[in-house]
Amino acid sequence: MIIWGIFWGAVLGSWFGGYGDFGPFVGGILGFFAGLSLRWAIRSAIRTELQAHAARATAQPARAPQAAPVAEDRPVAAAPVPHAPPPRPTTSDDPRDVDDTFWTGELTPQGLPRIPELATASAPVAARTDAPAAPFEPRKIAQPAQPNPVELAVLAAKNWLLGGNTIVRVGLVILFIGLSFLARYAASAGLLPVEFRLAAVAAMGIALLGVGFRKRTDKPGFALALQGGGVAVMYLTVFAAFRLYGLLPPFWAFGLMIAVCAASCALALLQDSRALAVAAFAGGFAAPILLSTGQGSHVGLFSYYTLLNLAILFIAHKRSWRVLNVVGFVATFGVATAWGALKYVPDHYASTQPFLAGFVLIYLFTAILYARNTPTKLGKTVDSMLVFGTPLVGFGLQAGLVQPFELGAAFSALAFAAVYLLTATMLARRTQASWRLLTECFIAIGVGFATLAVPLALDAQWTSAVWALEGAGAFWVGMRQARWMPRAFGLVLQVVAMLAFMGGVDSGGLQVAPLPLANPAFLGAMLIALPALLLAWWLRQPLPHSGSAWAQGYARVEVLLPNPAYLYGFVFWCLAWWLEITRRVPGLEQGQWPVPVFSDRVAELLGMLAVVLSAALSMLLGLRTRWAVATWPARATIGVLALGFVAQVVDGHRVLSTPAWAVWPLVLALHGWMLWQTDRWQAAGTEGPSAHSASRFGWFHAATAWLVTLLLADCLWSGIGKAELWRTSWAGVVLLVSAIAVLMLLAVWAGRGNLPAARAALRWPLNPHAEAYYWLAALPLALLVFGGALLAAVHSSGHTAPLPYIPLLNPTDLTLALALGGLVFWRRVLLAALPPPARSGGVTGRHALVALALLAFIVINTVWLRVAHHFFGVRWDASALFNSFVVQTGYAILWTLLALSLMVLAHRRVQRPLWLVGAGLLGVVVVKLLLIDLSNAGGAERIIAFIAVGVLMLVVGYFAPLPPKSPPKAAAPAEPAAPPLAPSQPETLP
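Just so we're aligned: 375 in the working numbering is position 375 of the sequence shown, and the numbers increase by one with no gaps anywhere.
Here it is, written out as structure tokens:
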């Protein structure tokens, strides 16, 4: 309603051209007071109707529930329940408050009067034993429907006419109408000069004031109505004399307005009339606007408003008239806002700033006085409009004043924060608990302005740092006071600080700063990390709270935050060091690009070292304080090391280069120490190392073995690079050699613990992680060895420069032999393990043995291919090798030798399947001779192939002509004979 009053007042003011640019503002202010008065009237009318409705509802009897059963078919009247008397309307003991009855009573949150509680009543009821007792349902009172705008207007008019002294109010209306008719008639007839007419109207107003003042004791309602009419007549008379007829100069008209306002205020205080005071100050605030010519000084305007506001502050010291405070607040800051938007220039700053500061302080103390004079059961009343509206509107105007000045808004925010925090400190010294709510409001406002001052003065990094520290401080206050809202505010500030910091970091994460450590990037990230770690420390145990529903809901969320908060702080700790490592310094010459402090290679190594050292420090913290989450970063170091190795390889750097050779041993040693401490922590917390914990943390040990494999290969590649052997077979088998070496090491070293008894006698890390090494870590390496051996056998030509090629003694053949031997040895370790590792049947079964046999067959065949390439000049190409009769002849002889070996071995070991494999291979040789070798007409290779194969087949026929018989199965043990029957025992048929 007030908003609509302001809106239509502004519209009408814009249509009335007498005030120029101030028309809409004048109309809006007048519309505000009109809407406010209309709302009061409507509320009073609604209250009257609801009280009447409640009184009628209490007069209607309600039926009581049926009494206890009595004798059958004998009605017995229930005992009558006396009616509760209807509530009497509350009236004031002071007869002077008749005119202000619409200020009394308690309102609902929607601004409507509360319905009085009804007393339950019941009437005598006849009961029968055969009739079941009906459940008693209390009568529901229907809520009144919300009135529409037309009904509201009718209710407002009705309330004004019928509320209080109706005859007096009607008479005032008729008197105003008559005076206006008299003035119009006299003006049209020219009977009296305008000065006399205005003087007569003013005399009538003075007479109303005089009569009303004399009757203030006998008939206070009548007297206040007359005085209100007199004040209105005086205001309108001065306004007409100045604006409509031009009879008064601006100075005299303004002085008369002040006099009327002062007299009205004195009468209001003397008679304790809130309505009269509101009317007096409304006219007082409207006077300079109504009498404005557009040529006045803003100093005079704001000086006059300062006097009015000081008068309101004086009244607030004596009376708790909230509506008067609201009138002054809206009028003062509304006019100030309008003047600032239309007339303010930077040259007015010196003459405007003191008035704005004075207005803010006046309404700050007005809010305190109102709270002091309005106590409740829950403490001092807080006027939200004055408490929160004053700093918001005041700072908005202040920001407009200091806009031309650098950091003006920031220092203004700090000044507001200092004022409100100082006021909160003064209120906190009062030991009464009733001031707690107002004190907390001022603290919240002060903290909010301090928070706002940071981004207004600093860049993103410093802003985020200050906000993070402020969030930690707010959380600490909430923790000490067992209150959830400051703690929630502190956590939200942490998130906002993180977003602000990340938004200010360059896309590449590179900061330009001349000083180490003392730069915004490092300090900003560090000042986010440290408060987060501190919050995580405070959150280790559930914190107390008030026990409300909101507090309990927050507590359920808060208990989930300790671990994420610590990890969040640890990440920003590492980020701070990374930003410092990647820092750049400004160029020495103008226009020169910033120069990085460290090269990319060194920066990667230092970043890796910083993270691992930070994880080690976190591990120490966790061990000393028994804080589990502090040990978690140690588990991520294997990922950091792997990432550092990949980045190093991508950039073309090696482990043995400077300074990597010094960094890698250090980080590996720290990583191993953290693995050891992690296992100790796990063993101490779970009554010894369980199988589940060993398998869970065994992956970290396995990943370490894989990283060692890559590091060993990188070291070998360094030697290849220095010897310039990249285009030889030496470079092709580096990774395979590294994997074979680590696989053999794991099989020999960790294989000692493949039995529980042997494992128990070993030291860490084999106890309890032996299986993790010889199974989890070795399985991927075995697959790598198998695949690498297959690729090396097929693709490696055996180029051994600068050394000559020697069959079986070259890097390729030796590596393949080591691969086969390593796989066989590792498989035997798994076969001997008790209990066997989970899901290891694929490695220890027959399929793995067949795969190894096929790999050995391929390796032996490729040995002959490399011999043919180096000694017989066959080009290392698949088609050339296949079309070479030398290669085919060699294959025929080689396969026959393999078949001979298999068949003889099978015959001696009585292994029929193995003999069948050799026979099958021999059959393949015969088919190849007929299909491929026979086509070499006239070649010596064909002759050699047929003769050699024939001779070897004769040897086979001599030593193992037939497959060995399968060994006889062991006979099942015979069942023991039944004992003979005893002589006295009869024999029975089955």
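We put the beta carbon where it would ideally sit given N, CA and C, even for glycine. Quick caveat, the model's predicted, so the values are computed rather than measured.
- Message: Give me, in chain order, the residues of the same chain whose beta-carbon lies closer than 7 Å to that of L900; leave out the 5 immediate sequence neighbours on both sides.
- Response: Within the sequence shown, numbered from 1, the residue matching residue 900 stands at position 900. Excluding positions up to five away in sequence, the list reads L952, V955 and V956.
- Are there 16 or more other CB atoms within 10 angstroms of the CB of G845, so buried, or fewer, so exposed? Start at 1 with the first residue of the sequence shown, and residue 845 comes out as number 845. With fewer than 16 other beta carbons inside 10 angstroms of its own, G845 counts as exposed.
- Message: Quick check on S297: buried or exposed, where buried means 16 or more other Cβ atoms within 10 Å of its Cβ?
- Response: For this step, residue 297 is matched to residue 297 along the sequence shown. Counting of Cβ neighbours within 10 angstroms places S297 among the exposed residues, the total staying below 16.
- Is it right to say K318 is buried, meaning 16 or more other beta carbons lie within 10 angstroms of its own, or is it exposed? Numbered from 1 along the sequence shown, position 318 holds the residue referred to as residue 318. Classification of K318: exposed, given that the 10 Å Cβ count is below 16.
- Task: Mark T425 as exposed unless 16 or more other C-beta atoms lie within 10 angstroms of its C-beta, in which case mark it buried.
- Result: Locating residue 425 in the sequence shown gives position 425, counting from the first residue. T425 should be labelled exposed.
- Across which residues does DSSP place K992 in a beta bridge pair? Residue 992 is absent from the structure shown; the chain starts at 1 and stops at 990.
- For K380, which beta-bridge partners are listed by DSSP? Looking up residue 380 in the sequence shown gives position 380. The partner list for K380 (beta bridge, DSSP) reads P375.
- Please report how far the alpha carbon of A636 lies from the alpha carbon of I368, in whole angstroms. By one-based count along the sequence shown, residue 636 stands at place 636. By one-based count along the sequence shown, residue 368 stands at place 368. Rounded to whole angstroms, A636 to I368 spans 56 Å at the Cα level.
- Item | Minimum length 4: unbroken alpha helix (DSSP H) runs contained in the region 453 to 478 | Segments of the alpha helix (DSSP H) lying fully in the region 453 to 478: there are none.
- Message: If contact is defined by three or more beta carbon pairs under 8 Å, each pair taking one atom from either stretch, is the region 397 to 416 in contact with the region 435 to 444?
- Response: Too few Cβ pairs lie closer than 8 Å, so no.
- Of the residues T376, A415, R372 and S412, which one's Cα is nearest the Cα of R430? Here residue 430 is taken as the residue at index 430 of the sequence shown, counted from 1. Looking at the Cα atoms, R372 is the closest of the given residues.
- Under the rule that 16 or more other beta-carbon atoms within 10 Å means buried, what is K380, buried or exposed? The sequence position of residue 380 within the sequence shown is 380, counting from 1. When all chains shown are included, K380 counts as buried.
- Message: To the nearest angstrom, how far is the alpha carbon of F359 from that of V419?
- Response: By 1-based counting over the sequence shown, the position of residue 359 is 359. By 1-based counting over the sequence shown, the position of residue 419 is 419. Rounded to whole angstroms, the separation of the alpha carbons of V419 and F359 is 13 Å.
- Collapsed DSSP secondary structure at A782 in the structure displayed: Locating residue 782 in the sequence shown gives position 782, counting from the first residue. If DSSP states are grouped into helix, strand and coil, A782 belongs with the helices.
- Query: So L364 packs on T423, CB below 8 Å; how close in whole Å?
  - Reply: Position 364 of the sequence shown holds residue 364. Position 423 of the sequence shown holds residue 423. Contact between L364 and T423 is confirmed by a C-beta separation of about 7 Å, below the 8 Å threshold.
- Item | Whole-number beta carbon distance between T862 and A801, since they are thought to touch under 8 Å | Within the sequence shown, the letter at position 801 stands for residue 801. Within the sequence shown, the letter at position 862 stands for residue 862. About 19 Å separates the two Cβ atoms, so there is no contact after all.
- Cβ contact check for the region 788 to 801 and the region 752 to 766: 3 or more pairs under 8 Å: With fewer than three CB-CB distances shorter than 8 Å, the region 788 to 801 does not count as touching the region 752 to 766.
- Task: Would you decide whether N810 is buried or exposed? Buried here means 16 or more other CB atoms lie within 10 Å of its CB.
- Result: Residue mapping note: residue 810 aligns to position 810 of the sequence shown, counting from 1. N810 is buried by the Cβ-count criterion.
- Item | Classification of N325 by the beta-carbon crowding that lies within 10 angstroms, buried from 16 upward | Residue numbering aside, residue 325 sits at position 325 when the sequence shown is read from its first letter. N325 comes out buried.
- Message: I'd like to check one pair, V602 with H670: are the Cβ atoms closer than 8 Å?
- Response: Translated into positions along the sequence shown, residue 670 becomes position 670. Translated into positions along the sequence shown, residue 602 becomes position 602. The amino acid at residue 670 is misidentified as His; the sequence shows Leu. Between L670 and V602, the CB-CB gap reaches or exceeds 8 Å.
- Report yes or no: do the region 592 to 600 and the region 528 to 542 share at least 3 C-beta pairs separated by less than 8 Å? Contact between the region 592 to 600 and the region 528 to 542 is absent, because fewer than three Cβ pairs lie under 8 Å.
- Query: Taking the C-alpha atoms as reference points, what is the distance between A474 and P486?
  - Reply: For this step, residue 474 is matched to residue 474 along the sequence shown. For this step, residue 486 is matched to residue 486 along the sequence shown. Distance between the alpha carbons of A474 and P486 is about 5 Å.
- Name the DSSP bridge partner or partners of R487? As a working mapping, residue 487 is identified with position 487 in the sequence shown. Paired residues: none, contrary to the question.
- Task: Work out the CA separation of Q403 and L247 for me, nearest whole Å.
- Result: As a position in the sequence shown, residue 247 is number 247, starting the count at 1. As a position in the sequence shown, residue 403 is number 403, starting the count at 1. C-alpha separation (whole angstroms): 43 Å.
- Item | Check whether W864 and P780 have beta carbons under 8 Å apart | Within the sequence shown, numbered from 1, the residue matching residue 864 stands at position 864. Within the sequence shown, numbered from 1, the residue matching residue 780 stands at position 780. No, the Cβ-Cβ distance between W864 and P780 is not below 8 Å.
- Message: Mapping the DSSP letters down to three states, classify R584 as helix, strand or coil.
- Response: Numbered from 1 along the sequence shown, position 584 holds the residue referred to as residue 584. The answer is strand: DSSP assigns R584 an E or B state.
- Message: Let me check understanding here. Comparing Cα to Cα, which of S599, P564 and L675 lies closest to V629?
- Response: In the sequence shown, residue 629 corresponds to position 629, counting from 1. Measuring C-alpha to C-alpha distances from V629 to each of S599, P564 and L675 identifies P564 as the nearest.
- Message: Taking the straight line between their C-alpha atoms, what separation do you get for H799 and P807?
- Response: In the sequence shown, the residue the question calls residue 799 occupies position 799. In the sequence shown, the residue the question calls residue 807 occupies position 807. Distance from the CA of H799 to the CA of P807, rounded to the nearest whole angstrom, comes to 11 Å.
- Query: Just how far apart, CA to CA, sit L308 and L276?
  - Reply: Here residue 308 is taken as the residue at index 308 of the sequence shown, counted from 1. Here residue 276 is taken as the residue at index 276 of the sequence shown, counted from 1. A straight line joining the alpha-carbon of L308 with that of L276 spans about 15 Å.
- Message: Please return the same chain residues whose Cβ sits closer than 6 Å to the Cβ of A615, not counting the five positions on each side in sequence.
- Response: Locating residue 615 in the sequence shown gives position 615, where the first residue counts as 1. Spatial neighbours of A615 in its own chain (CB-CB distance under 6 Å, excluding positions within 5 residues in sequence) are listed in chain order as P633, A634 and T637.
- Query: In this structure, does DSSP put P756 in helix, strand or coil?
  - Reply: Within the sequence shown, residue 756 is the residue found at index 756, counting from 1. Reduced to three states, the DSSP call for P756 is helix.
- Message: What does DSSP give as the partner residue(s) for V512 in the beta ladder?
- Response: Locating residue 512 in the sequence shown gives position 512, counting from the first residue. DSSP output for V512 lists R584 as bridge partner(s).
- Message: Spatial neighbours of P913 within its chain, please: C-beta separation below 6 Å, excluding the five flanking residues on both sides.
- Response: Position 913 of the sequence shown holds residue 913. Nothing listed; no residue qualifies.
- Query: Would the C-beta of L621 count as close to the ligand ATP, meaning under 7 Å from any of its heavy atoms?
  - Reply: The ligand ATP is not part of the structure shown, which contains no ligands of any sort.
- Item | V505 (DSSP reduced to helix, strand or coil) | The count along the sequence shown starts at 1 and reaches residue 505 at position 505. Looking at V505 - three-state DSSP - the assignment turns out to be coil, as it is neither helix nor strand.
- Query: Tell me the DSSP bridge mates of P596?
  - Reply: Against the sequence shown, residue 596 aligns to sequence position 596. Paired residue(s): R584.
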